[in-house]
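Numbering (this note's numbering), first residue to last: 140 to 332.
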């Protein structure tokens with residue numbers, strides 16, 4: 140018997156073929172990526188906001204990046220941080236194949252070092268899916284980069300050991316925040332001050 144989630148999955152349009160291939164590559168290489176449902180959420184939020192200034196912390200193979208890039212308006216730009224140059228090389232290959240490489244800038248620097256002096260401001264979205272032990276620091280540095288009503292979205296919030304981060308995120312005075320049970324948990328906070 141099909142679960143409700145399986146039935147819902149069948150109702151969605153098939154993802155871009157490059158995304159499907161990237162899903163399989165990540166499985167074959169045992170590289171974690173966000174769930175397809177989280178990718179769809181990111182795509183929907185980018186479309187709804189017409190988000191054209193996005194920062195991503197933790198590119199991996201670029202799966203979430205591509206979901207956002209494919210939804211961006213033509214003038215959009217994504218800056219994505221991934222210190223692992225091997226993973227970045229794979230991501231860049233898929234960005235090119237999807238025709239999105241002109242709109243994505245890959246930065247191969249440790250995120251905390253880069254975020255302290257990142258020159259971009261008034262970002263629409265900051266998406267964080269990287270080293271969970273640094274999530275609080277990433278969010279702290281990301282909030283001032285967001286425009287008012289901009290979103291900070293954090294993946295893997297419901298993994299074991301994340302209770303302190305969840306409390307920090309949900310009670311942050313600059314955010315109107317919640318958690319959705321997508322993938323391994325997706326925290327979403329809108330900047331309110």
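Even for Gly, the Cβ is constructed at its ideal location relative to N, Cα and C. The model shown is predicted, which means the values in this text are computed figures rather than measured ones.
Relative to the C-alpha of residue i, which candidate in the options has its C-alpha closest?
i, options, result
"residue 265", "229, 227, 203", "203"
"residue 272", "177, 226, 245, 250", "250"
"residue 150", "179, 161, 165", "179"
"residue 292", "205, 148, 314", "314"
"residue 213", "243, 226, 277, 302", "243"
"residue 188", "215, 173, 160", "215"
"residue 217", "287, 206, 319", "206"
"residue 161", "234, 147, 208", "234"
"residue 286", "193, 297, 300", "193"
Helix, strand or coil, according to DSSP, for residue i in the structure here?
i, result
"residue 245", "strand"
"residue 165", "helix"
"residue 193", "strand"
"residue 229", "helix"
"residue 272", "helix"
"residue 177", "helix"
"residue 142", "coil"
Tell me the rounded alpha-carbon separation between residue i and residue j.
i, j, result
"residue 275", "residue 210", "28 Å"
"residue 306", "residue 229", "35 Å"
"residue 329", "residue 268", "17 Å"
"residue 184", "residue 190", "8 Å"
"residue 171", "residue 199", "8 Å"
"residue 257", "residue 181", "22 Å"
"residue 201", "residue 262", "19 Å"
So, for residue i: in the same chain, excluding its five sequence neighbours on each side, which residues have a beta-carbon less than 6 Å away from its beta-carbon?
i, result
"residue 143", "none"
"residue 177", "321, 322, 325"
"residue 308", "316, 326"
Would you say residue i touches the ligand MN, meaning its beta carbon is less than 7 Å from a heavy atom?
i, result
"residue 252", "No copy of the ligand MN occurs in the structure displayed, which carries no ligand at all."
Output needed for residue i: all residues of its chain with C-beta closer than 8 Å, excluding positions within five of it in sequence on either side, in chain order.
i, result
"residue 222", "247, 248, 249, 250"
"residue 312", "332"
Apart from the five residues just before and just after residue i, which ones in its own chain have a Cβ nearer than 7 Å to its Cβ?
i, result
"residue 280", "254, 255"
"residue 236", "157"
Please check the pair residue i and residue j, which I expect to be a contact at CB under 8 Å, by giving their CB distance rounded to whole angstroms.
i, j, result
"residue 277", "residue 196", "5 Å"
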